[in-house]
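Protein chains in written order, with my numbering: chain D, 50 to 164; chain S, 18 to 347. Virtual Cβ for every residue (Gly too), placed ideally from N, Cα, C. Bear in mind that the values here come from a model prediction, so they are computed numbers and not experimental data. These notes concern the structure reproduced below.
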Amino acid sequence: MLIRIDPSSSRPLFAQVASAVRAEVVAGRLSPGDRLPPARDVAAALDINVHTVLHAYQDLRDEGLIELRRGRGATVTEAARPLAALNSEVTRLAEHAAALGVGRDTLAALIKEMP
Amino acid sequence: MTIHDSHQPTVIRRFIVAALGLPILFTIIGVALQVWARPDLPDPIAIHWGAGGRPDGFGSPTTTLVLTIVTAVGLPALFAAFALPALRRGDRGPSYRFLAAMMAATSALIVTVTTWLTVMQRGLDNAHDAGTVWWGLADALVNAGLAGIIAWRIQPEHQQASTTERGVEPLAIGADERVVWLQDTTIRRRWAVAATALGLVLACTAIAFWFTADRSAAIVLTIVAVVVALAIATTTAFHVRVDATGLTVRSWIGVPRFQVPIGDIEQASVIDIHGIGDFGGFGVRWMPGRFGVVLRTGEALQVQRRSGRLFAVTVDDAATAAAALNALAG
Numbered sequence: 050m051l052i053r054i055d056p057s058s059s060r061p062l063f064a065q066v067a068s069a070v071r072a073e074v075v076a077g078r079l080s081p082g083d084r085l086p087p088a089r090d091v092a093a094a095l096d097i098n099v100h101t102v103l104h105a106y107q108d109l110r111d112e113g114l115i116e117l118r119r120g121r122g123a124t125v126t127e128a129a130r131p132l133a134a135l136n137s138e139v140t141r142l143a144e145h146a147a148a149l150g151v152g153r154d155t156l157a158a159l160i161k162e163m164p
Numbered sequence: 018m019t020i021h022d023s024h025q026p027t028v029i030r031r032f033i034v035a036a037l038g039l040p041i042l043f044t045i046i047g048v049a050l051q052v053w054a055r056p057d058l059p060d061p062i063a064i065h066w067g068a069g070g071r072p073d074g075f076g077s078p079t080t081t082l083v084l085t086i087v088t089a090v091g092l093p094a095l096f097a098a099f100a101l102p103a104l105r106r107g108d109r110g111p112s113y114r115f116l117a118a119m120m121a122a123t124s125a126l127i128v129t130v131t132t133w134l135t136v137m138q139r140g141l142d143n144a145h146d147a148g149t150v151w152w153g154l155a156d157a158l159v160n161a162g163l164a165g166i167i168a169w170r171i172q173p174e175h176q177q178a179s180t181t182e183r184g185v186e187p188l189a190i191g192a193d194e195r196v197v198w199l200q201d202t203t204i205r206r207r208w209a210v211a212a213t214a215l216g217l218v219l220a221c222t223a224i225a226f227w228f229t230a231d232r233s234a235a236i237v238l239t240i241v242a243v244v245v246a247l248a249i250a251t252t253t254a255f256h257v258r259v260d261a262t263g264l265t266v267r268s269w270i271g272v273p274r275f276q277v278p279i280g281d282i283e284q285a286s287v288i289d290i291h292g293i294g295d296f297g298g299f300g301v302r303w304m305p306g307r308f309g310v311v312l313r314t315g316e317a318l319q320v321q322r323r324s325g326r327l328f329a330v331t332v333d334d335a336a337t338a339a340a341a342l343n344a345l346a347g
């Protein structure tokens, strides 16, 4: 699993870690039942605070994407399947929008405001 | 590749002849001799000799016969079952030829020892009068050597299938970005189940021995159980990590731990590993010029050090790991 963060970005680090995990799920590299690496290992490798990683994991749990269990760590749930299934269509849509000069924020807003 | 392809049927057929045909032939000869000697054998016969070369253990001739068949055919069959699927997939290399020769030699050794030691007791009234084992052992070594040479010679020479190395473009990483890639890698599930079962059986037997058998047997079995458990724990499951410090491969209990510092990395790529052909087997393997954590056949991350030496680990999603390493090292 690849996690990349940019400390110079204005986005909070925990949000960056969470979206890295989400991206892995969408790309199909993480499937239901897969375990996420221990927060401690991720924090050490990225040289960030372990609570930042735990914050990200808790957000993902609140979304229903992972389960957190004492002793078993973080496990990807069945909720990952529909996300991965949408991957190719979302990619195509984003590429199409980019080709037409429509930014991603605009595209997201269009989807949000759909009736 | 075309050379291998035209040789393909011969390589596999001769491997089977060497690794299975010869052992079966030796066993038939040994069994025939043992059956022929049977009417003239004392019962029980001597089956164990002490350090001085005198008999000190006795048993039924049938036990020796069964032991001969089970070990002289069973062992080669076990290893052939392991190697044949890989050969069928197109893997090649001197390791296979050597493996078949070893199987023929081992089988010849076992058959000669059991048969010689049985047949030499013909005509004895009491197995205590059985002579020394030295001539039988000497003959067994000679036969094993001959069998190995024959098995090696009847197989065609074949070269290791060229591992196709796939270069990987470095990941685009921003100046301030930090990257980590983490992945667990384990042996295939069926082997993991088999290893766990073996460990449990040994542990239970060891515990039972403490209560039922004598103390020294219990100690020996406990040591064996601990050694096997440690071997399983340290060679079957690893955490693989790529970050700014380089590549780290750590077993799930923490040791052993292998590291390639980022400054030592020339380039990373993806290869397909055939355990036996490329590394002579599975586990933590040293070969001239390369080192591998080889848990299964298939996708692997390979790192070339600045010294030219190679480090490989079988792991899923190796392309992402290689891309990250190439970016971090570049």
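Does any residue of chain D bring its CB to less than 8 Å from the CB of S/V196? Position 179 of the second sequence, counted from the start, is the residue given in the question as residue 196 of chain S. Interface residue, yes.
Between the CA atoms of D/R130 and D/A72 - distance to the nearest angstrom: Here residue 72 of chain D refers to the residue found at position 23 of the first sequence. Here residue 130 of chain D refers to the residue found at position 81 of the first sequence. So the alpha carbons of these two residues sit roughly 13 Å apart.
Taking 8 Å as the threshold, find out whether the region 47-67 of chain S comes into contact with the region 128-148 of chain S through three or more Cβ pairs. yes
Straight-line CA distance for S/R71 to S/G148? The residue given as residue 71 of chain S occupies position 54 in the second sequence. The residue given as residue 148 of chain S occupies position 131 in the second sequence. Between S/R71 and S/G148, the C-alpha separation is close to 7 Å.
Which residues bound the alpha helix (DSSP H) around S/L219? Here residue 219 of chain S refers to the residue found at position 202 when the second sequence is read from its first residue. Unbroken alpha helix (DSSP H) run through S/L219: R206 to T229.
Distance, Cα to Cα, S/T331 vs S/R313? Residue numbering aside, residue 331 of chain S sits at position 314 when the second sequence is read from its first letter. Residue numbering aside, residue 313 of chain S sits at position 296 when the second sequence is read from its first letter. S/T331 and S/R313: Cα-Cα distance of roughly 7 Å.
Fully enclosed by the region 23-101 of chain S, which beta strand (DSSP E) runs are 3 residues long or longer? 62-66 and 72-76
8 Å is my cut-off, CB to CB: does S/A254 come that close to chain D? Within the second sequence, the letter at position 237 stands for residue 254 of chain S. No, no contact with chain D.
Against chain D, with Cβ distances strictly below 8 Å, would S/A341 count as a contact? As a first step, residue 341 of chain S is located in the second sequence; it is residue number 324 there, counting from the start. Yes, S/A341 counts as interfacial toward chain D.
Skipping 5 residues on each side, what residues in its chain have a beta carbon closer than 8 Å to that of S/A344? In the second sequence, residue 344 of chain S corresponds to position 327, counting from 1. The answer, listed in chain order, is P187, L188, A189, I190 and V196.
State the DSSP-derived secondary structure class of D/A76, mapped to helix, strand or coil. Against the first sequence, residue 76 of chain D aligns to sequence position 27. Looking at D/A76 - three-state DSSP - the assignment turns out to be coil, as it is neither helix nor strand.
Rank S/L199, S/F43, S/G315 and S/V277 by C-alpha distance to the C-alpha of S/G325 and give the top, closest one. Within the second sequence, the letter at position 308 stands for residue 325 of chain S. Nearest C-alpha to S/G325: S/V277.
For S/A118, which option in S/F255, S/E174 and S/T202 has the closest C-alpha, if you only look at C-alpha atoms? To locate residue 118 of chain S, count along the second sequence from 1; it is residue 101. The candidate whose alpha carbon is nearest that of S/A118 is S/E174.
Excluding sequence positions up to five away, which residues of its chain have a Cβ less than 7 Å from the Cβ of D/H145? As a working mapping, residue 145 of chain D is identified with position 96 in the first sequence. Closer than 7 Å at Cβ, skipping near neighbours: no residue.
Within 8 Å of any Cβ in chain S, is that where the Cβ of D/E144 sits? Within the first sequence, numbered from 1, the residue matching residue 144 of chain D stands at position 95. By this cut-off, D/E144 is not an interface position.
Give every residue of the same chain whose Cβ lies closer than 6 Å to the Cβ of D/R89, excluding the five residues on either side of it in the sequence, and list them in chain order. Indexing the first sequence from 1 puts residue 89 of chain D at position 40. Closer than 6 Å at Cβ, skipping near neighbours: V99.
Is it true that the region 157-176 of chain S meets the region 77-85 of chain S, where meeting means three or more beta-carbon pairs spaced less than 8 Å apart? no
So is S/Q200 in contact with chain C if we call contact Cβ pairs under 8 Å? You won't find chain C in this structure, because its protein chains are D and S.
I think S/P93 touches S/M120, with their Cβ atoms under 8 Å apart; what is that distance to the nearest whole Å? Counted from its first residue, the second sequence places residue 93 of chain S at position 76. Counted from its first residue, the second sequence places residue 120 of chain S at position 103. Indeed they touch by this definition, with Cβ atoms about 4 Å apart.
Please compile the residues from chain S whose C-beta is within a distance smaller than 9 Å of the C-beta of D/V125. Your numbering for residue 125 of chain D matches position 76 in the first sequence. Here the premise fails: no neighbours, minimum Cβ distance about 13 Å.
Report the three-state DSSP secondary structure of S/V185 (helix, strand or coil). As a position in the second sequence, residue 185 of chain S is number 168, starting the count at 1. Three-state result, S/V185: coil.
Going by beta-carbon coordinates alone, are D/S80 and D/V125 separated by less than 8 Å? Your numbering for residue 80 of chain D matches position 31 in the first sequence. Your numbering for residue 125 of chain D matches position 76 in the first sequence. Against a cut-off of 8 Å, the Cβ pair of D/V125 and D/S80 comes out as a contact.
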